[in-house]
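Residue numbers (our numbering): 55 to 254. Right, one structure below, let's go through it.
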Ligand code: GLN
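Here you go:
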């Protein structure tokens, strides 16, 4: 029997309630007791074992993370090595150690050994669905991309898990998971279940 798992979703922007409901369903299906809740203040992070960083605009999310003190608190927990994190889309950008563009507008969390290019699929392809093959998944997965980033490079203990047109769109580094797409916008719960397995 596993202990109760507490998963917080950063409540700044993006499909917050969709992430909460997907994660709750993943917990129910796994018959794993747990709470999924929204994180707005530093104290909300105290009892979280895991964190979801939703999409949105990385510049805005970054600003609010900083102002609220959540940026420092997340870094502290990562350094203590007791927080799992899944970042989707803008969340993937924030997890990166490097950005391909030079900008002062995004303060990266620098958690994962990835280099990320924002809005990387070009104008005509700003929003699309694509069937992707994910390492370790039995069947293809339909991924929803909305002005998504690509992961240009991974290194060290970070491993690519999926690609589109030979560009990395999903990568894992131990307890951290970065996705260019939006798993919360589909009924397919396999990504949330995969993340859950990384926590328990
Ligand atoms: N283009 C956004 C960014 O870089 C990400 C878009 C999204 O999260 N859907 O911040």
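In this text, a Cβ means the ideal position worked out from N, Cα and C, and glycines have one as well.
Asked, Found
"Cβ-Cβ distance between residue 88 and residue 99 below 8 Å", "no"
"Residue 214: CB within 7 Å of a non-hydrogen atom of ligand 1", "no"
"Residue 114 versus residue 144: straight-line alpha-carbon distance, rounded", "10 Å"
"For residue 194 and residue 92, the rounded distance between their alpha carbons", "30 Å"
"For residue 208 and residue 224, the rounded distance between their alpha carbons", "10 Å"
"Local Cβ density within 10 Å of residue 167, reported as buried at 16 or more and exposed below that", "buried"
"Identified DSSP bridge partners for residue 218", "221"
"Three-state secondary structure assigned by DSSP to residue 334", "The requested residue 334 is not part of the displayed model; the chain covers only 55 to 254."
"Pairwise C-alpha distance: residue 236 and residue 245", "10 Å"
"At least 3 beta-carbon pairs within less than 8 Å: the stretch 129-143 vs the stretch 214-230", "yes"
"Euclidean distance between Cα positions of residue 218 and residue 151", "22 Å"
"Exposure label - residue 196; buried when at least 16 CB within 10 Å", "exposed"
"Beta-bridge partners of residue 183, as assigned by DSSP", "198"
"Candidates 61, 200, 206 and 142, of which the one nearest residue 155 by Cα", "206"
"Coil, strand or helix - residue 272 by DSSP", "Not covered by the structure: residue 272. The range shown for the chain is 55 to 254."
"Entirely enclosed beta strand (DSSP E) segments - the stretch 70-116, minimum 3 residues", "88-93 and 104-107"
"C-alpha distance - residue 101 paired with residue 110, whole-angstrom precision", "25 Å"
"Simplified DSSP state of residue 63, which is helix, strand or coil", "strand"
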